[in-house]
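Down below is the structure, laid out as structure tokens.
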Amino acid sequence: MKSILAFLLLVVLVNCNGQESKKPEPINKTKTQEKKTLKTSSHNTSAINFFDDKYKKGGYYIPDNLNGEIYPMYSYMDENIGAFSVNYIGKTKEEQYFWSIYNHNGFFKDKNVENISPNLIETSLKSRAQNYYIVVDYLDKKYIQNFDKTSGEFDVSDKALESLYIYDNGKWILLETLKKTNIPDKTQSFFYNLASQYFNKIEKEYSISNSGVWTFNCNSKNSIVFLPNLNSAQFTITGRFSMNAELKKIGVNKYELYFTDFPPIIPLPDEMQNWENLDNKKPVGTLEIINESKINLTWFGFYYKKAKKYIQIENPFNKNSSTATITNCL
């Protein structure tokens, strides 16, 4: 029986039924595939540049595989090359939730689902590219048989192998090759676990200097100062608050932020006057260290216990996005 790129998940998001609940659940680890290989030598890189514009003619889209995990991607098929999809997988639960139709501050904010264009998706991704693992699942042309140019249908060889690549430091690195009979469902969790396994093996632990201030640009009055050992930080946000925060390590180069107190340097907004209304057990944001001079701050806001919602949710360093890149200004 012929296939129409079934493994590429080519069902565009036009029906919102069956999506995830209002908050994403923690990512569950899937069982490791047998004989998985994480090869990173120069002999295990792809000769195809999957980013080439000629492969993006079909445009970016958001597939709905009916399991509640949606993420942006684009795909390509050519009988002379093969078939592949390029999948953008958020590195954090918050970034993955950005694409949820239930996230009123995410991608679908003020957008009609039926009018989402490839350009809108691509533009959003370009501004957030550092927040994603990019994983390709590729079927070589030698495994494609009986290709029908009119319908786009084709048969897949029983001996087919599917190759999975990840983009790292300017190269497409082969993660593993799976037999057709062992290919799992292409869920977000599957791609995430594959990518995080790879980067956890090679990711460098960065340390940052506690000298100077960190801010969106060096002319801004909004800033963060980190204290020794990277266990706490001091925020100065003009017109909003001055805050001391505790840092809790949650992964390689990743931290959660919890407020501890608000020094009376900057008058607090009325809704923050009584600290007891704010839950200091819920993080106000996360930090991801990109390198010694660059950090991504994802901001949640303060959880207001009585109203059971977050307040002050605008990122102090980027009003247009929940994530801001801040740099060290000595």
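Heads up: the sequence shown at position 84 corresponds to 1250 in the numbering used here, and the numbers run straight through without jumps. Virtual Cβ for every residue (Gly too), placed ideally from N, Cα, C. Since the model is a prediction, treat every value here as computed from it, not as a measurement.
- prompt: With 16 as the cutoff for other CB atoms within 10 Å, does L1453 come out buried or exposed?
  reply: Numbered from 1 along the sequence shown, position 287 holds the residue referred to as residue 1453. Buried, by the Cβ-count rule.
query: Under 9 Å between the Cβ atoms of K1507 and T1258?
result: Here the chain covers residues 1167 to 1496 and nothing more, so residue 1507 does not appear.
field: Reference D1427; option with closest CA among G1405, V1418, V1450, G1417
entry: For the purposes of this step, residue 1427 is identified with residue 261 of the sequence shown, where counting begins at 1. Of the residues G1405, V1418, V1450, G1417, the one whose Cα lies closest to the Cα of D1427 is V1450.
- request: On the DSSP bridge assignment, give the partners of C1384 in chain order.
  value: For the purposes of this step, residue 1384 is taken as residue 218 along the sequence shown, with counting starting at 1. Its beta-bridge partners do not exist; DSSP assigns none.
- prompt: Is DSSP giving A1411 helix, strand or coil here?
  reply: On the sequence shown, residue 1411 is found 245 positions in, with the first residue counted as 1. In the displayed model, A1411 falls within a strand according to three-state DSSP.
field: Minimum C-alpha distance to N1457 - residue among T1493, S1487, T1402, T1464
entry: The residue given as residue 1457 occupies position 291 in the sequence shown. Residue nearest to N1457 within the set T1493, S1487, T1402, T1464 is T1493 (criterion: CA-CA distance).
query: Three-state secondary structure (DSSP) at A1295?
result: For the purposes of this step, residue 1295 is identified with residue 129 of the sequence shown, where counting begins at 1. Here A1295 sits in helix by DSSP.
query: How would you label F1217, buried or exposed, when you count the other beta carbons within 10 angstroms and need 16 or more for buried?
result: Taking the first residue of the sequence shown as position 1, residue 1217 is located at position 51. Only exposed fits F1217, as fewer than 16 other CB atoms lie within 10 angstroms of its CB.
- request: Sort out for me which residues DSSP pairs I1332 with in a bridge.
  value: The sequence position of residue 1332 within the sequence shown is 166, counting from 1. Per DSSP, the beta-bridge partners of I1332 are V1301, I1339.
task: Have a look at E1319 and A1361 and give me their C-alpha separation to the nearest angstrom.
output: Start at 1 with the first residue of the sequence shown, and residue 1319 comes out as number 153. Start at 1 with the first residue of the sequence shown, and residue 1361 comes out as number 195. Taking the straight line from one Cα to the other gives about 30 Å.
- prompt: Are the region 1326 to 1342 and the region 1300 to 1316 touching by the rule of at least three beta carbon pairs closer than 8 Å?
  reply: In short, these stretches touch, since the Cβ pair count reaches three.
field: Residue from I1287, K1222, K1471 with nearest C-alpha to D1244
entry: Within the sequence shown, the letter at position 78 stands for residue 1244. If we check each option's Cα against that of D1244, K1222 comes out closest.
- prompt: Residues in its own chain within less than 8 Å of N1246 by CB, not counting five upstream and five downstream?
  reply: Residue 1246 sits at position 80 when you count from the first residue of the sequence shown. Contacts found: K1307.
message: Comparing C-alpha positions only, which one of A1249, N1253, G1248 sits nearest to M1239?
response: For this step, residue 1239 is matched to residue 73 along the sequence shown. Of A1249, N1253, G1248, the residue nearest in Cα terms is N1253.
query: Tell me the DSSP bridge mates of D1244?
result: As a first step, residue 1244 is located in the sequence shown; it is residue number 78 there, counting from the start. G1248.
- prompt: Cα-Cα, which of S1212, S1251, A1213 is closest to G1224?
  reply: On the sequence shown, residue 1224 is found 58 positions in, with the first residue counted as 1. Cα-wise, what sits closest to G1224 is S1251.
query: So what does DSSP say about N1481, is it helix, strand or coil?
result: Taking the first residue of the sequence shown as 1, we reach residue 1481 at position 315. N1481 carries a strand assignment under DSSP once its states are collapsed to helix, strand and coil.
message: Just to confirm before moving on: does the CB-CB distance between S1488 and I1479 stay below 9 Å?
response: Position 322 of the sequence shown holds residue 1488. Position 313 of the sequence shown holds residue 1479. Cβ atoms of S1488 and I1479: closer than 9 Å.
message: Suppose contacts are defined by Cβ-Cβ distances below 9 Å. Is I1403 in contact with I1461 by that definition?
response: For the purposes of this step, residue 1403 is identified with residue 237 of the sequence shown, where counting begins at 1. For the purposes of this step, residue 1461 is identified with residue 295 of the sequence shown, where counting begins at 1. For I1403 and I1461, no; Cβs fall outside 9 Å.
- request: Find the nearest neighbour of W1338 within the set K1472, I1214, W1465, judged by alpha-carbon distance.
  value: Looking up residue 1338 in the sequence shown gives position 172. Considering only alpha carbons, the answer is I1214.
- prompt: Where do the N-terminal and C-terminal ends of the beta strand (DSSP E) with E1422 fall, by residue?
  reply: Your numbering for residue 1422 matches position 256 in the sequence shown. Note, E1422: beta strand (DSSP E), 1420 to 1427.
message: Tell me the rounded alpha-carbon separation between K1448 and V1279.
response: For this step, residue 1448 is matched to residue 282 along the sequence shown. For this step, residue 1279 is matched to residue 113 along the sequence shown. Roughly 31 Å between the two C-alpha positions.
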